[in-house]
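Since the structure comes first, as structure tokens, the remarks are kept for the end.
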Amino acid sequence: MTVPLYQAKAEMFRTLGHPVRIRVLELLQTGPRPVRHLLDEIDIEASNLSQQLAVLRRAGIVVSFRDNGLVMYALSTPAVADLLAAGRAILAEILTDRGGLLAQLQAHQKSG
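Residue 6 is where the sequence shown starts when you use the working numbering, and the numbers rise one by one after that.
Below is the structure:
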């Protein structure tokens, strides 16, 4: 039996719901990177990074390969970078809307 599309999407978003995983994906937007470069950029233990990379790999969001003896990671598809960009755009709109509401509340308090 196949999984409904909405359920598969929910699972994908659950996979993305960890700050370290999002940071890894942000770093991989510029191209493949070896694990040691990811470790330099993310302040976590190597074993924790390995676990997070395994989750992303099992979900098919990243791929790994060897290059001159280094284990490299890359986004599995450019659509992952598009999804991150969409997330930034949505967050920017939400925060802008909240900022506008805050300004309205502050103006109301001063006049009220």
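Heads up, the beta-carbon is just placed ideally off N, CA and C, and yes, glycines get one too.
Note that the coordinates shown come from a computational prediction; the quantities given were computed from them, not determined experimentally.
For this session: Could you tell me the distance, in whole angstroms, from the CA atom of T20 to the CA atom of G105?
Result: 32 angstroms
For this session: Would you check if the stretch 64-71 and the stretch 80-98 touch, i.e. whether three or more CB-CB distances between them fall below 8 angstroms?
Result: They touch, by the three-pair rule.
Exercise. Which of the three DSSP states, helix, strand or coil, is assigned to M6?
Worked result: coil
Exercise. Along the chain, which unbroken stretches of the alpha helix (DSSP H) at least 4 residues long are found entirely within the stretch 22-110?
Worked result: Runs of the alpha helix (DSSP H) inside the stretch 22-110: 24-33, 40-46, 51-63.
For this session: Enumerate in chain order the residues of its own chain whose CB-to-CB distance from R143 is below 7 angstroms, with the five nearest sequence positions on each side excluded.
Result: As shown, the chain starts at 6 and ends at 117. That puts residue 143 outside it, with no answer to give.
Exercise. Do you know how far the Cα of L107 is from the Cα of L100?
Worked result: If I take the Cα positions, the gap works out to 10 angstroms.
For this session: Just mark L96 as buried or exposed, buried being the case when its beta carbon has 16 or more other beta carbons within 10 Å.
Result: Flag for L96 reads exposed.
Exercise. Exposed or buried, what is V85 when buried is set at 16 or more other beta-carbons lying within 10 Å of its beta-carbon?
Worked result: buried
For this session: Taking only the alpha-carbon atoms, compute the straight-line gap between A90 and R41 and give it to the nearest angstrom.
Result: CA-to-CA, the gap between A90 and R41 works out to about 25 angstroms.
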